[in-house]
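In this note's numbering, the protein residues as written are 31 to 351. Inspection log for the structure reproduced underneath, given as structure tokens.
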Amino acid sequence: MQKLEFSLEGAAARVDRWLADQIDSLSRSHIQKLIEQGHVHINDQVCTAKKSALQPGDQVQVQIPAPKPLALDPEPMDLEILFEDKHLLIVNKPAGLVVHPAPGHATGTLVHGLLAHCCTDKGSSLSGIGGVERPGIVHRLDKDTSGAMVVAKTDYTHQHLQAQIAAKTARRDYIGIVYGRPSLLQGRMDFPIGRHPADRIKMAVVPEDQGGKAAATRWQLLQPLGNYALVKFQLETGRTHQIRVHCARMGWPIVGDPLYSRGRASVGVNLSGQVLHAWRLCLEHPISQDKLEAQAPLPTDFTKLLQRLQRQANVGSFPLT
């Protein structure tokens with residue numbers, strides 16, 4: 031149990047907001063949970079509301095319980111790390127790897143591998159995110175989508191990165207191969223997404239008044255490939271299966287997608303998942319404020335298919351920049 035003490039010397043302030051400014055390592059939502067649990071005292075009295083007003087001279091005590099260990103066993107895993115420091119890491123997730131434990135995937139997930147990677151003989155480099163000691167998965171990738179993912183090691187970093195994604199200052203670029211060919215060179219897909227009304231495994235375009243959530247994806251045609259096309263996508267939002275659902279709605283689904291491109295002809299390459307790759311991740315480092323850019327190399331099966339389609343279409347390689 032860590033105990034911190036503060037004294038308000040300035041103007042009156044709301045307790046949760048003021049404490050968030052005083053304790054960089056904790057998010058405001060985490061502080062609000064501490065208040066709900068009775069771990070914040072004002073002038074030796076338990077604070078009962080996050081909106082409680084502090085007055086000049088008030089003494090504030092904060093008790094921070096030790097993070098609860100995550101009830102998972104670390105599993106050594108061959109991870110491709112694109113960038114790492116004590117605040118965050120960026121990993122190139124392979125297709126077929128599930129990010130979080132879920133029914134049917136109790137072991138062998140990316141989280142298990144990250145726990146093994148971040149916990150050493152000298153102790154854990156993970157911080158208590160949300161009161162639980164775990165690697166902070168800031169955003170997810172579908173099981174069969176490969177590419178760059180950022181993982182926070184501290185609560186402050188986690189909060190900062192999530193804020194960047196929400197504010198659209200973090201950029202996430204994907205590369206995919208689709209069936210068919212877009213009729214324009216670039217565009218924006220703006221269709222709300224929700225759970226499919228008849229198939230609980232799938233997502234679908236669902237009106238917002240029926241439970242769908244706003245979802246937008248920018249796209250750019252990189253290279254026509256006969257009956258296929260190489261396309262770059264930029265996420266504005268991060269809904270489940272967003273790019274896959276949007277492309278299917280446009281009439282050019284992602285090649286190899288088991289949910290949204292069923293019945294399509296074989297492409298002659300043994301694929302490990304849908305041909306969709308989180309290629310580039312651009313963000314601001316939460317501590318140094320430096321621009322951080324990571325590019326995840328294309329998977330072997332993606333490259334093999336792309337080269338095959340380029341030969342068939344009698345076009346050269348396309349430089350990804």
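In this text, a Cβ means the ideal position worked out from N, Cα and C, and glycines have one as well. For clarity, every value in this text was computed on a predicted model and none was experimentally measured.
ask   = Which word fits Ile65, buried or exposed, when buried means at least 16 other C-beta atoms lie within 10 angstroms of its C-beta?
value = Only buried fits Ile65, as 16 or more other CB atoms lie within 10 angstroms of its CB.
key: Three-state class that DSSP yields for Gln340 in the structure shown   = In this structure, Gln340 counts as helix in the three-state DSSP scheme.
query = Ordered along the chain, which non-local residues of its own chain (more than five positions away) have a Cβ less than 7 Å from that of Ala136?
reply = For Ala136, there are no CB contacts under 7 Å within the same chain when 5 residues up- and downstream are skipped.
request  = Please work out which residues of its chain come closer than 8 Å, Cβ to Cβ, to Arg294, disregarding the five sequence neighbours upstream and downstream, and give them in chain order.
outcome  = Cβ neighbours of Arg294 beyond the five flanking positions: Tyr209, Pro283 and Val285.
task = Identify whether Asp185 lies in helix, strand or coil by the three-state DSSP scheme.
result = Note: Asp185 maps to helix in three-state DSSP.
Check whether His71 and Gln91 have beta carbons under 8 Å apart = With respect to Gln91, His71 sits close: the two C-beta atoms are nearer than 8 Å.
ask   = Hey, quick one: how far does the alpha helix (DSSP H) through Asp74 stretch, first residue to last?
value = Per DSSP, Asp74 is not a residue of any alpha helix (DSSP H), being assigned neither H nor E.
task = Determine the direct distance from the alpha carbon of Pro329 to that of Arg211, and round the result to whole angstroms.
result = Rounded to the nearest angstrom, the two C-alpha atoms are 22 Å apart.
key: Nearest candidate by alpha-carbon position, reference Tyr186, set Ala50, Lys33, Phe36 and Glu323   = Of Ala50, Lys33, Phe36 and Glu323, the residue nearest in Cα terms is Ala50.
inquiry  = Under DSSP, the beta strand (DSSP E) around Val92 begins and ends at which residues?
reply    = Note, Val92: beta strand (DSSP E), Gln89 to Ile94.
query = So the alpha helix (DSSP H) Gln62 belongs to, where does it begin and stop?
reply = Where Gln62 is concerned, the enclosing alpha helix (DSSP H) stretches over Arg58 to Glu66.
key: Within 8 Å, strictly: CB atoms of Pro222 and Ala245   = Taking 8 Å as the Cβ cut-off, Pro222 and Ala245 qualify as a contacting pair.
Extent of the continuous beta strand (DSSP E) to which Leu313 belongs = Counted as a single uninterrupted DSSP element, the beta strand (DSSP E) harbouring Leu313 occupies residues Leu306 to Glu314.
query = Among His190, Asn73, Arg47 and Met233, which one has its Cα closest to the Cα of Pro316?
reply = Checking every option, the nearest Cα to that of Pro316 belongs to His190.
task = Give the secondary structure of Ala246 by DSSP, where H, G and I count as helix, E and B as strand, and everything else as coil.
result = Here Ala246 sits in strand by DSSP.
Nearest candidate by alpha-carbon position, reference Glu114, set Asp74, Thr139, Lys183 and Ala146 = Cα-wise, what sits closest to Glu114 is Lys183.
Assumed close pair Ala83, Arg44 - CB separation to whole angstroms, cut-off 8 Å = About 6 Å separates the CB atoms of Ala83 and Arg44; that is less than 8 Å, so the two are in contact.
request  = Evaluate Leu336 with the Cβ neighbour count: other Cβ atoms within 10 Å of its Cβ, from every protein chain shown; 16 or more gives buried, anything less gives exposed.
outcome  = Sixteen is the threshold: when 16 or more other Cβ atoms of the shown chains lie within 10 Å of the Cβ of Leu336, as they do, the residue is buried.
ask   = Does the separation of the CB atoms of Phe36 and Gln52 fall below 8 Å?
value = For Phe36 and Gln52, yes; Cβs fall inside 8 Å.
ask   = Buried or exposed: Gln89, going by 16 or more other Cβ atoms within 10 Å of its Cβ?
value = A residue is called buried when at least 16 other Cβ atoms come within 10 angstroms of its Cβ; Gln89 does not meet this threshold and is exposed.
Extent of the continuous beta strand (DSSP E) to which Val236 belongs = Unbroken run through Val236: none, as it is neither H nor E.
message = Measuring straight from C-alpha to C-alpha, what distance separates Lys243 and Met219?
response = Cα-Cα distance, rounded: 14 Å.
ask   = CA-CA distance, Leu127 and Thr175?
value = Taking C-alpha positions only, Leu127 is separated from Thr175 by approximately 9 Å.
ask   = Which stretch, first to last residue, makes up the alpha helix (DSSP H) that contains Asp20?
value = Since the first and last residues shown for the chain are 31 and 351, residue 20 lies out of range.
key: Through-space distance from Asn122 to Lys107, alpha-carbon basis   = Looking at the sequence itself, residue 107 is Met, so the reference to Lys does not match. So the two alpha carbons sit approximately 13 Å from each other.
ask   = Within this structure, are the beta carbons of Ala178 and Ala326 separated by less than 8 Å?
value = In contact: Ala178 and Ala326 (Cβ atoms closer than 8 Å).
Span separating the alpha-carbon of Gly298 from that of Val261 = Put simply, the backbone Cα of Gly298 is about 20 Å away from that of Val261.
task = Express the C-alpha separation of His276 and Glu266 in angstroms, rounding to a whole number.
result = In this structure, the straight-line span from the alpha carbon of Glu266 to that of His276 is close to 13 Å.
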